[in-house]
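Beneath this line is the structure, given in structure tokens, with notes to follow.
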Amino acid sequence: MKNVVDFFTGNLILNLSILAWAIAQVLKFIIVLITQHRLDWRHILSSGGMPSSHSAFVCACATAMGYMYGWSSPVFTISAVVAIVVMYDAANVRKAAGEQAKILNYIMEHWTEMKPALFGKELKEFLGHTPFQVLMGGLLGIAVGLLGAWLWQ
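Counted from 1, the sequence shown has number 122 at position 123 by numbering that gives the first Met the number 0; the numbering is strictly sequential.
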């Protein structure tokens, strides 16, 4: 079992976090393929969408920390606090930034005069997540963290 941990980074918790992130990114690609019937490779590395890979990443880390070092340990507490901040940011701050980008892109498309140089590039609208996307990413991360820590600890 040690070979599994040593394979990527040599750190089980980091490996599980990366695995949860990768699974979420692949799921985004598959969900777009199924729901929109198109291959969109941008979803393999993009932010936003279902499920939240940020949430999966931090929840896998926090869950593996709690499982391996105890649910009342300081390392679990720190990782849980960071996970909560990241998930809040994904569902609120980054979501709001994406909504603002939609409005600005609309203004840029309908600009009747010569666009200033500032408007030369379309803004990325797909930044944040709905609370459901964050929840699903969090649950994915918890599952990967628990299962991986149980299997390979």
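Every residue gets a Cβ at the ideal spot worked out from N, C-alpha and C, and that includes glycine.
6 Å CB neighbourhood of residue i in its chain, flanking five on each side removed
i, result
"S78", "C60, A61, M64"
"V85", "H53, V57"
"S51", "A89, H128, Q132, V133, G136"
"H36", "none"
Beta-carbon proximity of residue i to residue j, cut-off 9 Å
i, j, result
"S54", "L145", "no"
"L11", "G147", "yes"
"F56", "W20", "yes"
"Q132", "A82", "no"
"V143", "L13", "no"
Contacting residues, own chain, Cβ-Cβ under 8 Å from residue i (five flanking each side not counted)
i, result
"W40", "F28"
"V25", "I43"
"M67", "L11, I12, A148, Q152"
"Y87", "none"
"P130", "A90"
Presumed contact (8 Å Cβ cut-off) between residue i and residue j, rounded CB distance
i, j, result
"I22", "F7", "With a Cβ gap of about 14 Å, I22 and F7 do not count as contacting."
Close Cβ partners of residue i (< 7 Å) along its chain, the five nearest in sequence each way excluded
i, result
"L32", "L38"
"I141", "C58, T62"
"W70", "none"
Those runs of the alpha helix (DSSP H) which lie wholly inside the stretch 9 to 58 and span at least 4 residues:
11 to 35
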